[in-house]
Amino acid sequence: MLLLFGKNLKKIRSVHGLSQQQFADIFDLKRGTLGAYEENRSNPKLETVIRIANHFSIGVEDLLISELTVNKLLKFNERLAVESDFFKDFEFEGIPCVLPKNKSEFIKNYSVGFDLAQLSELKLPYVEVENRLAFAVDDLAMTRGLVEFFPKDIVVGLKIIVEDIEENNLVVALTKDELLLRRFSKDHQHFILKADHHGVEDVKLLPEDLICIWKIEHVFNYSLRSKEILLENRLAVIEETIASLKIQK
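Using the UniProt record's numbering, you'd call the opening residue of the sequence shown number 1 and step up by one each time.
Okay, structure coming up:
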C-alpha cells in the first residue's frame, strides 16, 4: 500500500521546489530518513503521513495509494488559494461600541451629530450591524434581576422608535444628561426607566426628554458566572422583595 508514498513525496518536492533537506526540516525528519521513504526502503509512521498530508492539503489515501500527478498537485494548490480568498470575504462588519471613556462625549454630542466612526468597533458573527450600537455596562443598576449585568458586560441594541418598545423590554435610553441601561415602562404621561437593583430609583421622562432609544438584542458577559452565584443572587432578590412587602404592611 505504501509503494506510491515515496514516489509521491518526490512529486510534491518537485512541485514546491523543495530540496530533500528543506522538506525534511519542515517535518523534523532526518534527510536520510526522507531518502529512505522516497526509495521505499522504510515505511513512515502514520503520524508522519498525516502531518505531510495535512500540510499540503492532500488526502491521506491519495498520498499513500494514488499516484499524484503534477496537475493534481497544482489543483490542490489552486483549491487552497480559492478557499483562502473565499474566507477573506467573510470579514465581519463592526458595530460601534460606546465605552466608559467616550460615554460623556457621546451623551453630549449625539443629538448634534456625533461621529460614530471614532468609536471602537465590536466584530461578531451572526449579529446584524445596521442601526445597531454596542454599549459597555459601567454600573450595578441592573444587578439583582433574573438576568444580571455587571461592569464590562456588553449589550447590543437596535435603534427603534419608542412606540415599538413593549413593557419591560431591556433598553438603553439616551437623555440630554444620561445614557441608561434599564427596563422600559410607561404611564399616561411618562416613560419610566426601571433598574433591577432595588437601591436605584426609577427615572421618569417626558416624551420630549428622550433623545434616542435602543432595544437590547444581544448580551455578552465579560465573565462566566456560576450557577451557585446566580442562585444566591436570585435568593437575595426574593428576600429583599419579602422584606419590602413587610415594610409596606
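We put the CB at the ideal spot given by N, CA and C, even for glycine.
The three-state reading of DSSP puts Glu201 in coil, since its state is none of H, G, I, E or B. When secondary structure is reduced to three states using DSSP, Leu34 falls in the helix class. Selection Phe149, Pro151, Leu193 evaluated against Asn169 yields Leu193 as nearest (Cα-Cα). Comparing alpha-carbon positions, the option among Phe27, His198, Asp202 lying closest to Lys45 turns out to be Phe27.
The Cβ neighbour count for Tyr37, taken over all protein chains shown within 10 Å, is at least 16; the residue is labelled buried. A straight-line Cα-Cα distance of about 12 Å links Lys103 and Gln118. According to the DSSP assignment, His218 belongs to the beta strand (DSSP E) that extends over 212–220. In the structure shown, Ala195 falls within a coil segment according to DSSP collapsed to helix, strand and coil.
Closest by C-alpha distance to Val172, out of Arg183, Asp164, Lys108, is Arg183. In terms of Cβ geometry, Ala134 and Val98 form a close pair [threshold 9 Å]. Spatial neighbours of Thr175 in its own chain (CB-CB distance under 7 Å, excluding positions within 5 residues in sequence) are listed in chain order as Leu205, Asp209, Leu210, Ile211.
Setting aside the 5 residues that flank it on each side, Arg13 is surrounded in the same chain by Phe23, each with a C-beta closer than 6 Å to its C-beta; the list follows chain order. Take the alpha-carbon of Ile154 and the one of Ser57: they are about 39 Å apart.
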